[in-house]
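Just so we're aligned, residue 16 is where the sequence shown starts under our numbering, counting upward by one.
Don't be surprised by glycine CBs; every beta carbon is placed ideally from N, CA and C.
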Amino acid sequence: MMLKKVIEHVSITTSNLTQLSRIRSRGKHEKASRFYALILSLSLHPPTLTLRLPFHAMELQLSSIETSLKWCSPFIHHLSLKIRFPSGSQYSLPQLLSNTLHPNKKSMMLRTPHLYDSNTSMFPLLASPPSSHSSASCTVASPVIEMGGVNMHRVAISKELSERHVYLSIMQGIELCIYFGFALLTRNGARHSTASAYGQRAQERVLEEEATQLSESSPSWKLFPGQAFPLGVSEVDSGINFAIFSQHATAVTLCLSFPERLGGLDGGMMDLPLDRNVNKTGDIWHICIQDLPRSNVLYGYRMDGPRGWHQGHRFDSSIVLVDPYTKLVEGRRIFGDTTKKLSKFLGTYDFDSLPFNWGDNYKLPNIPEKDLVIYEMNVRAYTADESSGLDPDIRGSYLGVIQKIPHLRELGINAVELLPVVEFDEFEFQRRRNPRDHMINTWGYSTINFFAPMSRYASAGGGPLKASQEFKQMVKALHGAGIEVILDVVYNHTNEADDANPYTTSFRGIDNKVYYMLDVNNNGQLLNYSGCGNTLNCNHPVVMELILDSLRHWVTEYHVDGFRFDLASVLCRGADGTPLDAPPLIRAIAKDAILSRCKIISEPWDCGGLYLVGRFPNWDRWAEWNGKYRDDLRRFIKGDSGMKGSFATRVSGSADLYKVNKRKPYHSVNFIIAHDGFTLYDLVSYNFKHNDANGEGGNDGNNDNLSWNCGHEGETNDSTIKAIRSRQMKNFHLALMISQGTPMMLMGDEYGHTRHGNNNSYGHDTALNHFQWGLLEARKNNHFRFFKEAIKFRQAHRVFGRDTFLEKHDVTWHEDNWYNYESKFLAFTFHDNSEGDIYLAFNAHDCFITVPMPAPPVKRKWFRVVDTNLVSPNDIVPGDVPGIAGTYNMAPFSSILLQAK
């Protein structure tokens, strides 16, 4: 059967030919501009199409084995071709260019029996016939081929469900585009829909396009197979290289978008299918694109593969996925912007910006671990409140932290431990109806990507590149103030939730079976040792390398000083969840050369019951959040019986846990309060959690807080109760600062921040979590003063920051009543011949105790530094108060510190 064709309208231009006609664009997305078009209505039966221009300008024939062009003008510059195939077609086109050239003739026959040229093309122009149910689109570009003064530029093919019509536009010295269909895809991916059919006569409807828009959005690209490493996006000699791992995917499509031309994340995308025979090395899919912009490009991937749920696969080719190795993520620009709740996330890159200027005099603080005082804080919550006094554009941002560094310096801490600062979706709870759909994730323990700084912590909605730059400014400023930066990193799970209500953004759709732990005996369901629906398969070689690469990235690119690993016991499990004695990932982190200068701290437990405090695999490098320290100090200071011995063990460095091999006292990160749980004020004000605002009926959060409300639940005007609470907060802080090990305190405890009894406030972007600068100012001369002076005293006396465990000659325990279960008093002296002995006593009884003073060292006297029963400024006196001799009358629930001088 012959192809029936009707030429309805023709216009053509070249650099030297007369313009025959002009059509003005009327597209709603385009401005009117010069446009040349050839419209044909076709009846496609045989797989052959011949277009013959009536004025003999050229002849173009497309068939399954050949393409023929006859030129009448030597002035034609180049040809760009796009083709959209009719639904249900059972044929494929050949590659439209070959090396069979005839430079001495004006008639050229280009033949090839191949679908691709392995030396130049990235993948087949059409690897397989389009199926009637496929809706994926793709655009593929061939390399430039020189043809005796004529450049054939980057032939591109698009396939998608379509109708049986052809559209050609010829512009700017011959740029030819051919389409079969009505949902047309320009090079930049913008879909422009015409009517559902042209009708019998093509002149009834002309596709509304704009020459300027099309030329700008259809750059000349050359494609190469690319390279497998490095993963992610990289700039190489031949262009921009994209590489992504997927062991089980059977089809991978790179999706590109150009936000400056298409209106950001809501614009269209261009799909570039990758050919497994050309664009795949091992399990890594890759492609290189020449002349792609070096910045302002958004990208992601569509993945398809086996649908065997029971085998652990979760492929869904309808979802555009974030590259695990992207270094920047674009999403909504403003934190908590309710108008963009369902905003999608895409990777982006920047090779245009100059390297960040760290400065000629810049240097890392390199603070010894034994000297650290850590301040756990949330970047957004630190300055988000109006009381910060900052410009609204920088509240809750990295720049906001810079503005408030003076407070950190005044407090005296020398390391900040930042709650997660990698990209996360604060609206993840609001994507579907559920009891938590009123909440905004403000803590950030729900990672989308491990490399990208949280973009909405940029000032003024500046986006990912600005976030990256401002994060570096923050680190530089903190380092300049002598403060190290430790990141809280979440490698135990991601944001993608569980199988019941998945939120697929990356790993799940790329290769669920590799990235997550699965229960092979339960229909391939996700294992949940994180309490968040999924568990990252951390010791799989590919996942392990991802984690290591991201850690190195934060150290080399952002100069961070260490990491705290959330629920780190997950990192000690195998693929089936079985605990490992020597987890490869934990060892690799400990032994890595780039990470060798970093502090590495584990939270040594998980939600599956793997409690490894004191037993975390460590290679003498890993420190631990000492959960036993927290529990034992809470119980002793609130007055529980039988805790004296445990209290003594904890304040002297927890040798029972850490005096193993070459471990040091500073490997115990001592804390009483952390982000999850009660604040210090709430610890002494509430016996029970009050989590109704979370929407889960009080079922979330820990029920056993080891707290004491001092006689009344919550707020009270009782002066006696308030006085006890004040003493208790000071007792806790003093105990923390005099303990051997590394102290860590929580942001806001320095002024007595309250969450009103909520011990799981992760979802409240309000004053519940925001630092209250007004309260700080109001309590600057009492509560805050005590906290900062206690920190300074610790740092001024090396007896508290030892790098060896206490021996008998280092401490004297003034105690002969160790086995009295009801005894709640403990006194001891740390010996320091150079700076003077330090005497400490803690009375957790509800009555006064007259304490006999030990004799001071020869030629020295006792001077009082701290008595928590006294009001400010007498509660802590840096200059010391003389005249302490014989006995000392200690109030209920109080503590004292004396120094021998």
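Along the length of the segment 758-828, whole beta strand (DSSP E) runs at least 3 residues long occupy 826-828, reported in chain order. Three or more Cβ pairs closer than 8 angstroms define a contact, and the segment 599-617 meets that threshold against the segment 573-585.
Between the C-alpha atoms of Trp300 and Asp697 there is a straight-line separation of about 52 angstroms. CA-to-CA, the gap between Gln262 and Cys622 works out to about 29 angstroms. For Asn294, no alpha helix (DSSP H) encloses it, and the DSSP letter there is neither H nor E. According to DSSP, residue pairing for Leu855 in a beta bridge involves Phe843 and Leu912. Residue environment for Asp647: buried (at least 16 other C-beta atoms within 10 angstroms of its C-beta). With respect to the C-alpha of Leu387, the residue from Arg770, Asp576, Asp831 and Val666 having the closest C-alpha is Asp576.
The DSSP-derived three-state label of Tyr460 is coil. If the five residues before and after Gly692 are omitted, its C-beta is found closer than 7 angstroms to the C-beta atoms of Asn717, Asn720 and Asn774, all from its own chain and listed in chain order. DSSP, reduced to helix, strand and coil, places Ser617 within a strand of the structure shown.
Looking at the backbone, the Cα of Asn884 and that of Asp400 are separated by about 33 angstroms.
Distances from the CA of Gly548 to each of Leu751, Lys643 and Ala512 were compared; the closest alpha carbon is that of Ala512.
Under DSSP, Gln540 takes part in a beta bridge, and its partners are Asp534. Using a Cβ distance threshold of 9 angstroms, Ser310 and Ser368 count as a contacting pair.
Counted as a single uninterrupted DSSP element, the stretch harbouring Thr353 is not any alpha helix (DSSP H), since DSSP gives it neither H nor E. Under the three-state reduction of DSSP output, Pro517 falls in the coil class, being neither helix nor strand. Under a 10 Å Cβ-count criterion, Asn464 is classified as buried, with 16 or more other Cβ atoms of the shown protein chains found around its own Cβ.
Judged by DSSP secondary structure, Tyr573 falls within the alpha helix (DSSP H) whose first and last residues are Pro556 to Tyr573.
Taking a 10 Å sphere around the C-beta of Trp723, we find 16 or more other C-beta atoms and assign the residue as buried. The C-beta distance from Asp286 to Thr268 rounds to 5 angstroms, short enough to meet the 8 angstroms contact threshold.
Gly374 sits in coil when the DSSP states are folded into three classes, being neither helix nor strand. Counting along the chain, Ser272 sits inside the beta strand (DSSP E) bounded by residues Ala266 to Ser272. Cβ-Cβ distances below 7 angstroms link Pro598 to Asn554, Leu586, Cys587 and Pro632 in the same chain, with the five nearest sequence neighbours on each side left out; the list follows chain order. Here Val866 has Ala842, Ala856, Thr902, Tyr903 and Met905 as same chain residues with Cβ atoms under 7 angstroms from its own Cβ, once five neighbours each way along the sequence are excluded. Distance from the CA atom of Met454 to the CA atom of Ala482, rounded to whole angstroms, is 24 angstroms.
Within the segment 636-666, the runs of alpha helix (DSSP H) at least 4 residues long that lie entirely inside it are, in chain order, 642-652 and 659-666. Under the Cβ criterion (8 angstroms, minimum of three pairs), the segment 724-732 does not count as touching the segment 803-821.
Take the alpha-carbon of Arg471 and the one of Phe444: they are about 17 angstroms apart. In this structure Val337 is not in contact with Met392, their Cβ atoms being roughly 27 angstroms apart against a cut-off of 8 angstroms.
DSSP, read as helix, strand or coil, puts Asp607 in coil. The beta-carbon separation of Leu625 and Ser584, rounded to 4 angstroms, stays under the 8 angstroms limit for a contact. Phe366 counts as exposed, since fewer than 16 other C-beta atoms from the protein chains shown sit within 10 angstroms of its C-beta. Check the Cα spacing between Tyr316 and each of Leu343, Thr353, Leu361 and His328: the tightest is with Leu361.
Cβ contact annotation for Arg410 (same chain, cutoff 8 angstroms, sequence separation greater than five): Thr398, Ala399, Asp400, Glu401 and Ser403, in chain order. The C-beta distance from Pro479 to Val344 rounds to 6 angstroms, short enough to fall under 8 angstroms.
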